[in-house]
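In our numbering, the protein residues as written are 13 to 481. Working notes, structure below.
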RNA sequence: GGCGGCGUAGCCAAGCGGUAAGGCAGAGGCCUGCAAAGCCUCCAUGCACCGGUUCAAAUCCGGUCGCCGCCUCCA
């Protein structure tokens, strides 16, 4: 039975979707004002794992991820560059999709942009105004009155009476009835320039929180199954989403709230001033394998703080290679001619699959799940060394690895083919080796290595692989 | 001040009452013209510290120390 730690109850709860086998997920996506950093991707990779695992479990997933393409930062930056908001955000939307492809993150079903859903937001705000929950401030902005929503604070545990100002909060805002009220609609100001919408609410733009309420309910319904995000979103963002949505509909907004912990780098908070701030692009430029990045971001349980280190990145690369070797070994055996089946092998595979699923069912315990996978790898490697693997067992193993990889997504299926010319060189070298002409053999090996192709002479003949950077 | 999390081998990281998974690194071995790679084996009498509960605790309770997050930009 699949269980999740629900932030709302702070308990592990059995997962029961509203309309099985359908599952609706809303994930808070990026604000497209810059390249996303590895901390952002920790969340997106985890959400991908969630998506993939639900699919593995036989659910039919509808995932919605928003793109915030209008806010203070995007407006300010686009003005600075003297280009339109659309032109500016388009660049980073494109970069975002390139990055998630790089990390082998499967696409969500819908990526709604805030700017394309202004009408939906306006409608929701009007509903809140009609119900007397929202009000217009002296500055012409429209605010949400948290005092009118009794449930305010139920997700984050922050009751309004405890929301006293921290050191960094200014307390002098006179436009709002209560300082903790938040903006649903921001009236146009000169700084906004040409960024505004003429709507029944007036001339202006939406507040941040309203887009997620409006777009999630539009695509997933007034009540849906899972809402995810980084732990920093719990308050105020998700608390406010609940307030907006539930006050408008009178229904439970979301059944399961899942939040992932932050990532730290080399034991310290990632920050530009410490020089440990990395985008995905930075790491790729340094020559790291994107899938090693994915593995590292994936391999720690999502509610644990993840310590991103370069040692860890190298370890991840090695771990992936171990899996690749295992897969290649099975592929070799599947093309040989050992008949029959070995109970020890099928047992090891079944134990691996079972262990993986059992761990993942427990609130996506990926570390435990990977432990089960590597245990299977070790057992079968041993059998392979002792007795060899039959064709049928190898095929069963391949099927299992593919199934596991459909969830973790760290093995890439690349076409492994060399140009004929190079194939010929390898053949020539093999002949040379047989004749003990090692000088020629080493010469060819060196030549190929210079081209980035590494040769290995194994008991089963010479094999090649692209050298990792 | 309010709310919450974490401290397990050199590094990363599961386990959450029944006697320490897994990965990386390291050491030995197998294979091998050399090389590289791979595979196998080994690698924590102990889980920050001090008490307590229990037949049994890394796991529960109390306390101490240390680290971290949120409290309206934030994954």
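From the three backbone atoms N, C-alpha and C, an ideal C-beta is built for every residue, glycine too.
Checklist line | C-alpha gap between residue 356 and residue 386, whole angstroms | finding: Counting from one through the first chain, the residue named residue 356 turns up at place 344. Counting from one through the first chain, the residue named residue 386 turns up at place 374. Rounded to the nearest angstrom, the two C-alpha atoms are 16 angstroms apart.
Next item on the list: Taking 9 angstroms as the cut-off, decide whether the C-beta atoms of residue 247 and residue 167 are in contact.
Entry: Taking the first chain and counting its residues from 1, the one referred to as residue 247 is at position 235. Taking the first chain and counting its residues from 1, the one referred to as residue 167 is at position 155. Yes, Cβ-Cβ distance for residue 247 and residue 167 is below 9 angstroms.
Item checked: Assigned secondary structure, residue 82 (DSSP; H/G/I helix, E/B strand, else coil) -> Residue 82 sits at position 70 when you count from the first residue of the first chain. Coil at residue 82, not helix or strand.
Note to self: Given this structure, state the Cα-to-Cα distance separating residue 30 from residue 78, to the nearest angstrom.
What the structure shows: Counting from one through the first chain, the residue named residue 30 turns up at place 18. Counting from one through the first chain, the residue named residue 78 turns up at place 66. Looking at the two C-alpha atoms, the distance is approximately 22 angstroms.
Item checked: Which listed residue (217, 205 and 159) has its alpha carbon closest to that of residue 189 -> The residue given as residue 189 occupies position 177 in the first chain. Out of 217, 205 and 159, 159 has the C-alpha closest to the C-alpha of residue 189.
Margin query: Spatial neighbours of residue 116 within its chain, please: C-beta separation below 7 angstroms, excluding the five flanking residues on both sides.
Written below: Reading the first chain from its first residue, position 104 is the one you call residue 116. The residues are 303, 306 and 421.
Notebook entry, point to check: Nearest-angstrom Cα distance between residue 468 and residue 475?
Noted result: The count along the first chain starts at 1 and reaches residue 468 at position 456. The count along the first chain starts at 1 and reaches residue 475 at position 463. Taken atom to atom, the span from the alpha-carbon of residue 468 to that of residue 475 is near 5 angstroms.
Checklist line | According to DSSP, residues forming a beta bridge with residue 26 | finding: Residue mapping note: residue 26 aligns to position 14 of the first chain, counting from 1. The partner list for residue 26 (beta bridge, DSSP) reads 15.
Checklist line | Assigned secondary structure, residue 154 (DSSP; H/G/I helix, E/B strand, else coil) | finding: For the purposes of this step, residue 154 is identified with residue 142 of the first chain, where counting begins at 1. Look at residue 154 here: in three-state DSSP terms it is strand.
Margin query: Could you compute how far the alpha carbon of residue 378 sits from the alpha carbon of residue 237?
Written below: On the first chain, residue 378 is found 366 positions in, with the first residue counted as 1. On the first chain, residue 237 is found 225 positions in, with the first residue counted as 1. If you draw a straight line from the Cα of residue 378 to the Cα of residue 237, it is about 22 angstroms long.
Notebook entry, point to check: From which residue to which residue does the beta strand (DSSP E) around residue 239 run?
Noted result: The residue labelled residue 239 in the question sits at position 227 within the first chain. Its beta strand (DSSP E) spans residues 236 to 242.
Notebook entry, point to check: By a C-beta neighbour count over all protein chains shown, 10 Å radius and 16 as the cutoff for buried, is residue 223 buried or exposed?
Noted result: Numbered from 1 along the first chain, position 211 holds the residue referred to as residue 223. For residue 223, the number of other beta carbons within 10 angstroms of its own is at least 16, and it is reported as buried.
Check: Taking the continuous beta strand (DSSP E) assigned at residue 200, which residues delimit it?
Finding: Position 188 of the first chain, counting from 1, holds the residue named residue 200. No beta strand (DSSP E) holds residue 200; DSSP gives it neither H nor E.
Item checked: Closest by C-alpha distance to residue 225, when choosing among 456, 76 and 408 -> Reading the first chain from its first residue, position 213 is the one you call residue 225. With distances taken between Cα atoms, residue 225 lies closest to 76.
Item checked: Whether residue 89 touches residue 99 by CB criterion (9 angstroms) -> If you number the first chain from 1, residue 89 lands on position 77. If you number the first chain from 1, residue 99 lands on position 87. No, the Cβ-Cβ distance between residue 89 and residue 99 is not below 9 angstroms.
Margin query: Determine whether the beta carbon atoms of residue 295 and residue 112 lie at a separation below 9 angstroms.
Written below: Here the question's residue 295 lines up with position 283 in the first chain. Here the question's residue 112 lines up with position 100 in the first chain. It is not a contact, given that the beta carbons lie outside the stated cut-off.
Next item on the list: Please name the residue, chosen from 200, 448, 146 and 405, that lies closest to residue 193 on a Cα-to-Cα basis.
Entry: Here the question's residue 193 lines up with position 181 in the first chain. Comparing Cα-Cα distances from residue 193 to each of 200, 448, 146 and 405, the minimum goes to 146.
Next item on the list: Counting only the same chain and skipping the five closest in sequence on each side, list residues whose C-beta sits under 8 angstroms from that of residue 33.
Entry: Here the question's residue 33 lines up with position 21 in the first chain. Once the five neighbours on either side are set aside, the close Cβ partners of residue 33 are 70, 71 and 72.
Checklist line | Spatially closest choice to residue 407 from 431, 153, 63 and 350, by CA coordinates | finding: For the purposes of this step, residue 407 is taken as residue 395 along the first chain, with counting starting at 1. When only C-alpha atoms are compared, the closest one is 350.
Margin query: Less than 9 angstroms between the C-beta atoms of residue 120 and residue 156, yes or no?
Written below: The count along the first chain starts at 1 and reaches residue 120 at position 108. The count along the first chain starts at 1 and reaches residue 156 at position 144. No, they are not a contact pair.
Note to self: Quick check on DSSP: helix, strand or coil for residue 268?
What the structure shows: Start at 1 with the first residue of the first chain, and residue 268 comes out as number 256. Here residue 268 sits in strand by DSSP.
Notebook entry, point to check: residue 276 to residue 319, Cα distance in whole Å?
Noted result: Here residue 276 refers to the residue found at position 264 of the first chain. Here residue 319 refers to the residue found at position 307 of the first chain. Near 5 angstroms, if we compare the C-alpha coordinates of residue 319 and residue 276.
Next item on the list: With DSSP collapsed to three states, give me the class of residue 462.
Entry: Counting from 1 along the first chain, the entry for residue 462 is found at position 450. It is helical.
Checklist line | Per-residue burial, residue 94 [other beta carbons within 10 Å of its own, 16 or more giving buried] | finding: For the purposes of this step, residue 94 is identified with residue 82 of the first chain, where counting begins at 1. Around the beta carbon of residue 94, fewer than 16 other beta carbons lie within 10 angstroms, which makes this residue exposed.
Next item on the list: Express the C-alpha separation of residue 129 and residue 148 in angstroms, rounding to a whole number.
Entry: Residue mapping note: residue 148 aligns to position 136 of the first chain, counting from 1. Residue mapping note: residue 129 aligns to position 117 of the first chain, counting from 1. Residue 148 and residue 129 have their alpha carbons spaced roughly 21 angstroms apart.
Next item on the list: Would you mind sorting residue 330 into buried or exposed? The rule is 16 or more other CB atoms within 10 Å of its CB.
Entry: The residue given as residue 330 occupies position 318 in the first chain. Answer is exposed; the Cβ neighbour count stays below 16.
Check: What is the DSSP secondary structure of residue 386, counted as helix, strand or coil?
Finding: Position 374 of the first chain, counted from the start, is the residue given in the question as residue 386. In the displayed model, residue 386 falls within a helix according to three-state DSSP.
Item checked: Sequence ranges, alpha helix (DSSP H) only - wholly within the region 26 to 103, length at least 4 -> With a minimum length of 4 residues, the unbroken runs of alpha helix (DSSP H) contained wholly in the region 26 to 103 fall at 50 to 68 and 84 to 93.
Margin query: Please identify the residue among 61, 464 and 389 whose C-alpha is closest to the C-alpha of residue 372.
Written below: In the first chain, counting from the first residue as 1, residue 372 sits at position 360. Selected option, being the one with the closest Cα: 61.
Note to self: Going by C-alpha to C-alpha distance, which of 109, 465, 170 and 310 sits closest to residue 20?
What the structure shows: The sequence position of residue 20 within the first chain is 8, counting from 1. If we check each option's Cα against that of residue 20, 170 comes out closest.
Next item on the list: Grab me the residues of residue 358's own chain with a C-beta within less than 8 angstroms of its C-beta, minus the 5 sequence neighbours each way, in chain order.
Entry: Counted from its first residue, the first chain places residue 358 at position 346. In its chain, beyond the 5 residues on either side, 405 and 408 have a beta carbon closer than 8 angstroms to the beta carbon of residue 358.
Item checked: residue 312 - DSSP class collapsed to helix/strand/coil -> By 1-based counting over the first chain, the position of residue 312 is 300. The answer is coil: DSSP assigns residue 312 none of H, G, I, E or B.
Notebook entry, point to check: Exposed or buried, which one is residue 53 when buried takes at least 16 other CB atoms within 10 Å?
Noted result: Reading the first chain from its first residue, position 41 is the one you call residue 53. Answer is buried; the Cβ neighbour count reaches 16.
Item checked: Beta-carbon proximity check, residue 240 vs residue 55, cutoff 9 angstroms -> As a first step, residue 240 is located in the first chain; it is residue number 228 there, counting from the start. As a first step, residue 55 is located in the first chain; it is residue number 43 there, counting from the start. Taking C-beta atoms as the reference points, residue 240 and residue 55 count as a pair closer than 9 angstroms.
Margin query: So, with DSSP's three-state summary, where would you put residue 350?
Written below: Stepping through the first chain from its first residue, residue 350 is reached at position 338. The DSSP-derived three-state label of residue 350 is coil.
Check: Going straight from the alpha carbon of residue 58 to that of residue 309, what length do you get?
Finding: Translated into the one-based positions of the first chain, residue 58 becomes position 46. Translated into the one-based positions of the first chain, residue 309 becomes position 297. If you take the alpha carbons of residue 58 and residue 309, they lie about 8 angstroms apart.
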